[in-house]
Amino acid sequence: MPRTIILRFVEDDVSVTADLLEERAPETCRIVWESLPLEGRTVHGMYSGPEVFIRADHLEPAPPENQMHRPLPGDVGYWRQEAGLYAASPGAACEVVFIYARGAAIMGADGQPTWVNLFAQIRPEGTEAFYATSRKVRLEGPRTLRIERGA
104 MPRTIILRFV
114 EDDVSVTADL
124 LEERAPETCR
134 IVWESLPLEG
144 RTVHGMYSGP
154 EVFIRADHLE
164 PAPPENQMHR
174 PLPGDVGYWR
184 QEAGLYAASP
194 GAACEVVFIY
204 ARGAAIMGAD
214 GQPTWVNLFA
224 QIRPEGTEAF
234 YATSRKVRLE
244 GPRTLRIERG
254 A
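Printed below as a string of structure tokens:
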């Protein structure tokens, strides 16, 4: 059995379990696992479509692993942009993202295509309520997302 993480919208008490993809993204899984729990206010992607993320700028850089530009619903990724890459981003930025519907395409701050390290996949159980809450982030505003170790 793979190790798992739990993603929970705190205010709504809605959660899902995701399996770590340690064979495909070992360093990214290590970095995230060693940093858990993570908690932050959610942001809905402006350019990427049905994507929700929390900032995790303190995470160490990960090498490119199992990269995706067009992730699918249930994909959980690690995205990082180094400092000074764009004038609008003088500091390094790191995000833990997940996709809740079809049609996502990972984009950077300038709307240009970029890549995310796919390191976990959400199990199908309980996704209906979790994805419905994800849509509310776009329409109603941020919620607190907590990511913690599962089994």
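Using the working numbering, you'd call the opening residue of the sequence shown number 104 and step up by one each time.
Using N, Cα and C, we set each Cβ at its ideal position, and we do this for glycine too.
Exercise. Do Glu125 and Pro105 come within 9 Å of each other at the CB atom, strictly closer than that value?
Worked result: Mapped onto the sequence shown, residue 105 falls at position 2. Mapped onto the sequence shown, residue 125 falls at position 22. Yes, these two residues count as a Cβ contact at 9 Å.
Problem set entry | Arg238 versus Ile225: straight-line alpha-carbon distance, rounded | Walking along the sequence shown from the start, residue 238 turns up at place 135. Walking along the sequence shown from the start, residue 225 turns up at place 122. Roughly 16 Å separates the two Cα atoms.
Exercise. Leaving out the 5 sequence neighbours to the left and right, which residues in its chain are closer than 7 Å to Val119 when beta-carbon positions are compared?
Worked result: The residue you call residue 119 lines up with position 16 of the sequence shown. If we look at Val119 and ignore the five residues flanking it on each side, its Cβ neighbours are Leu110, Ile225, Arg226, Gly229, Thr230, Phe233.
Problem set entry | Proximity below 9 Å, CB of Phe201 to CB of Arg127 | Working through the sequence shown from its first residue, we reach residue 201 at position 98. Working through the sequence shown from its first residue, we reach residue 127 at position 24. The answer is no: Cβ separation not under 9 Å.
Exercise. In this structure, what does DSSP give as the bridge partners for Leu141?
Worked result: Against the sequence shown, residue 141 aligns to sequence position 38. DSSP output for Leu141 lists Ile250 as bridge partner(s).
Problem set entry | Host alpha helix (DSSP H) of Tyr234 (start-end) | As a working mapping, residue 234 is identified with position 131 in the sequence shown. That run of the alpha helix (DSSP H) goes 230-243.
Exercise. From Pro153 to Gln215, what does the alpha carbon distance come to, in whole angstroms?
Worked result: Walking along the sequence shown from the start, residue 153 turns up at place 50. Walking along the sequence shown from the start, residue 215 turns up at place 112. Rounded to whole angstroms, Pro153 to Gln215 spans 17 Å at the Cα level.
For this session: Please name the residue in Leu175, Gly180, Leu162, Glu137 whose C-alpha comes closest to that of Glu168.
Result: As a working note, residue 168 is residue 65 in the sequence shown. Among Leu175, Gly180, Leu162, Glu137, the Cα nearest to that of Glu168 belongs to Gly180.
For this session: May I ask you to list the residues that DSSP assigns as paired with Trp136?
Result: Position 33 of the sequence shown holds residue 136. Answer by DSSP bridge pairing: none, since Trp136 is not bridged.
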